[in-house]
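All remarks here apply to the structure that follows.
2 protein chains.
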Amino acid sequence: MDTQTTQHLTIGGVARRAGVGIDTIRYYEREGLLPPPRRRASGYRDYGLDMVERLRFIRRAKDLGFTLEEVRELLALSTDRERGVESVKQRAQVRLDQVNQRIRELQRMRRGLQQLIDACPGHGALEHCPILRALGGEETHDHA
Amino acid sequence: MDTQTTQHLTIGGVARRAGVGIDTIRYYEREGLLPPPRRRASGYRDYGLDMVERLRFIRRAKDLGFTLEEVRELLALSTDRERGVESVKQRAQVRLDQVNQRIRELQRMRRGLQQLIDACPGHGALEHCPILRALGGEETHDHA
DNA sequence: CTAAACCCTTGACCATGGTCAAGAGTCAAG
DNA sequence: CTTGACTCTTGACCATGGTCAAGGGTTTAG
């Protein structure tokens, strides 16, 4: 069992708690999203609960459409002991700007889609479907 | 030259007009997004201007966040004269719902980030930086 | 002690959406 | 006719984000 509130989890315990696969954890480690953990005498990775949190953070960020590369940078904020708080705050601001940018892009997409849907009667001849027309829909080649 | 208003374009002419790469056209053909075109005696693909339109359709749909799989379905629907329009509209609606969902998630993250930035003094000890704390940022293991 | 369940590493494999290269044929200009 | 630009096919390759398998060692319950 590993029902303990412990600071000592195996990779499987972390995986279960964080809701990710074991292979995913090792993959993230290779990719530099997770620090190389301590090892037990057996060679087993030895994690604390903080890794569970970190993995949940990654999952949330990924769900929001951040790439792993972006997540890596985001996480780097938390280990950037050298450059001080200003730099951390600054980089968080950059992230915020990127989030805003992403929101604007999605809103543009939304407007486009909404206009098409509003204009579509939902029935009738395909020739008159504004969705297909707006997308430039032409017939398939009929080269019998 | 191929400045003609013609119905006879080579793959390169189509590519230039549609703003995609030649390889992309052949790729789409393989993937079933474009019908296999007529061939000239030489074996060259022989396209009409309708293919330019179709490629633009694909590009716009992709810009709206449809995957190629979804685009393939849309194109298939547009040739299904019987029960096309409702399906097309329905799919656009599904796509819109997805976009809205993602926007909401991003807005949630934006609020979170903004609060952190507002709360961060921009100086002082890193241990007290609310940004790092909220990221679940723990120190990298110091296993010297 | 044994067996199940876990962990280790290396390295292959998957889908997505292309992009590029090799080797060969075709076409248009000069 | 030759040259250069274009096309053909096959098949490899790229990045992203994992996932699985093989062939081991470890840990723990019974």
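The listed protein sequences correspond, in order, to chains A and B.
Numbering (our numbering) for the first sequence: 4 to 147.
Numbering (our numbering) for the second sequence: 4 to 147.
Note that the Cβ used here is the ideal one computed from N, Cα and C, for glycine as well.
Burial check for A64/B: the Cβ neighbour count within 10 Å reaches 16 or more, so the residue is buried. Following the DSSP letters along the chain, one finds A79/B inside the alpha helix (DSSP H) bounded by residues 71–80. For E76/B, same chain residues with a beta-carbon under 8 angstroms away, outside a window of 5 residues either side, are R94 in chain order.
At least one beta carbon of chain A lies nearer than 7 angstroms to the beta carbon of Q96/B. Pairing I14/B with G68/B, the inter-Cα distance amounts to about 26 angstroms. For K65/A, not one C-beta of chain B is nearer than 7 angstroms to its own C-beta. Exclusion of the five residues before and after Q101/B leaves G68 as the residues of its chain whose Cβ lies within less than 8 angstroms of its Cβ.
Between V17/A and V55/A, the C-beta gap is smaller than 7 angstroms, which places the two residues in contact. Here P39/A is exposed, its C-beta having fewer than 16 other C-beta atoms within 10 Å. Contact annotation: L52/B and L99/A have beta-carbon atoms that are not nearer than 7 angstroms. One finds nothing in chain A with a Cβ atom closer than 8 angstroms to the Cβ of V23/B; even the nearest lies about 13 angstroms away. According to DSSP, R42/B shares a beta bridge with R48/B. For G115/A, the nearest CB of chain B lies under 7 angstroms from its own CB, placing it at the interface with that chain. Excluding the 5 residues flanking it on each side, L78/B has same chain C-beta neighbours closer than 7 angstroms at L36, in chain order. In the structure shown, the three-state DSSP call for L109/B is helix. Counting C-beta atoms within 10 angstroms of its own C-beta, Y47/A has fewer than 16 neighbours from the protein chains shown and is therefore classed as exposed.
When secondary structure is reduced to three states using DSSP, L99/B falls in the helix class. Shown here, L116/B sits in a helix according to DSSP, grouped into three states. Looking at the backbone, the Cα of R59/B and that of V74/B are separated by about 12 angstroms. One Cα belongs to H11/B, the other to E108/A, and the distance between them is close to 37 angstroms. Within 10 angstroms of the beta-carbon of R57/A lie 16 or more other beta-carbons, which makes it buried.
Taking 7 angstroms as the cut-off between beta carbons, the residues of the stretch 99–110 of chain B near chain A are L99, V102, N103, R105, I106, E108, L109, Q110, in sequence order. Here Y50/A has L12, V17, P40 as same chain residues with Cβ atoms under 6 angstroms from its own Cβ, once five neighbours each way along the sequence are excluded.
The beta carbon of I14/A does not come within 7 angstroms of any beta carbon belonging to chain B, so the residue lies off that interface. Bridge pairing for L12/A: Y50/A [DSSP]. A check of alpha carbon separations from L119/B across Q96/A, D66/A, A44/A identifies Q96/A as the nearest.
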